[in-house]
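What follows is a single structure, written as structure tokens, with notes after it.
In UniProt numbering, the protein residues as written are 1 to 368.
Right, here's the structure in full:
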């Protein structure tokens with residue numbers, strides 16, 4: 001407003017000489033009346049508070065914030081340097097490995113104990129429930145938007161479990177009496193694998209922050225340093241006798257350790273970081289039909305139609321999960337259920353309207 005910037009006295013001194021001029025006198029009268037409405041003694045001032053608030057950006061978001069403020073060519077030129085800044089230090093990797101070495105060891109121990117107590121088919125069926133545990137835990141402890149629980153992902157997990165059950169039953173022998181203990185070991189291993197992948201994905205949100213070979217190196221080192229008393233405990237309690245393996249067994253151990261453990265675990269964990277924990281878990285179920293398919297091609301083993309009927313849902317569930325995780329907010333099963341529900345409700349509403357119209361027509365005919 002005008003009174004904010006000019007005092008009444010200054011305005012009056014400015015406009016007084018102009019009042020003698022008849023050409024502008026009629027124009028200045030409304031302005032003087034407007035200024036006379038506001039007292040000259042009150043001076044409106046703007047005061048700024050001296051209180052200042054300083055907010056510090058979390059260190060986990062510093063790299064992304066810096067990249068977002070840089071131009072695209074500058075970010076491309078300094079991308080390698082900026083990525084190394086966000087990497088976890090050796091101490092951080094050692095802390096993460098120290099926690100996950102116990103979970104990783106218990107998961108592998110549960111699986112091996114299940115194989116020694118029950119049949120491979122039952123172990124594979126129950127181990128496939130790891131996908132269900134992963135889906136639930138990832139929804140409770142999400143690491144990104146692709147971990148959201150949807151009915152479509154639940155359907156993909158159910159397809160994978162059903163396919164694994166059919167494939168495993170195609171090579172299942174006569175059930176034995178030790179299946180209960182083996183089943184419990186299988187369920188425990190499936191749950192521990194789900195905890196392992198969901199928690200490490202939540203702890204490390206990006207694949208380039210963690211040095212995966214260093215991580216597994218620390219896991220092996222901590223297992224070697226902390227779990228070796230278990231050999232003596234199992235040996236002297238009579239639960240499992242300790243003996244040095246033969247040369248052939250040493251060869252198998254080295255090959256299995258390098259290919260079956262180090263390389264496979266490295267590729268699997270890297271794939272989980274690049275995609276999601278659910279896709280990584282469902283990918284483990286692909287080893288069952290692929291191994292049986294290798295037996296068919298290499299050893300000329302024949303299986304029943306259950307194998308081929310179960311292999312299709314296993315592969316299909318993997319690709320469905322990959323597609324659903326790519327489109328984060330897409331849930332075609334829920335959309336389909338809503339459309340079916342709306343169609344049923346609309347059809348029921350139309351039937352009720354037809355009945356009401358029929359009753360009104362009958363009442364009108366009776367009234368006539």
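Built from N, CA and C at the ideal position, the CB exists for glycine as well.
Would residue i be called buried (16 or more neighbouring beta carbons within 10 Å of its own) or exposed?
i, result
"residue 298", "exposed"
"residue 180", "exposed"
"residue 244", "exposed"
"residue 30", "Model confidence at residue 30 stands at a pLDDT of 46, short of 50, so the residue's coordinates are unreliable; what they give is reported in the following sentence. Its Cβ having fewer than 16 others within 10 Å, residue 30 is exposed."
"residue 263", "exposed"
"residue 204", "buried"
"residue 122", "buried"
"residue 23", "Summary for residue 23: the model assigns pLDDT 46, below 50, so the residue's position carries little reliability, and this model does not support an answer."
"residue 182", "buried"
"residue 21", "Per-residue confidence for residue 21 stands at a pLDDT of 46, beneath the threshold of 50, marking its modelled position as unreliable; the derived number appears in the next sentence. Residue 21 comes out exposed."
"residue 323", "exposed"
"residue 185", "buried"
"residue 256", "exposed"
"residue 196", "buried"
"residue 296", "exposed"
"residue 229", "exposed"
"residue 146", "buried"
"residue 76", "exposed"
DSSP three-state label for residue i, please.
i, result
"residue 310", "helix"
"residue 73", "helix"
"residue 349", "helix"
"residue 146", "helix"
"residue 92", "helix"
"residue 370", "In the structure displayed, the chain extends from 1 to 368; residue 370 sits before or after that span and is not available."
"residue 119", "coil"
"residue 300", "coil"
"residue 205", "coil"
"residue 228", "coil"
"residue 128", "coil"
"residue 185", "helix"
"residue 112", "helix"
"residue 141", "coil"
"residue 327", "coil"
"residue 26", "Since pLDDT at residue 26 reaches only 46, below the 50 mark, its modelled position is unreliable, and no value is offered."
"residue 87", "coil"
"residue 210", "coil"
Please report the Cβ distance between residue i and residue j, rounded to the nearest whole angstrom; I am assuming they are in contact, meaning their Cβ atoms lie under 8 Å.
i, j, result
"residue 273", "residue 216", "Not quite, the Cβ-Cβ distance comes to about 13 Å (not below 8 Å), so this is no contact."
"residue 157", "residue 314", "Contact doesn't hold; Cβ gap of about 11 Å is too wide."
"residue 100", "residue 212", "The pair is not a contact, with the Cβ atoms about 12 Å apart (cut-off 8 Å)."
"residue 304", "residue 282", "Not confirmed; about 24 Å, so no contact."
"residue 151", "residue 284", "Actually they are not in contact, since the Cβ atoms of residue 151 and residue 284 sit about 23 Å apart, beyond 8 Å."
"residue 160", "residue 128", "6 Å"
"residue 192", "residue 103", "6 Å"
"residue 240", "residue 248", "In fact, because the Cβ distance is near 20 Å, the residues do not count as touching under 8 Å."
"residue 198", "residue 134", "6 Å"
"residue 309", "residue 166", "5 Å"
Item to check | Every unbroken alpha helix (DSSP H) within the stretch 246-296, with a cutoff of 4 residues, ordered by chain | outcome: The stretch 246-296 contains these whole alpha helix (DSSP H) runs: 247-255, 264-274, 277-285.
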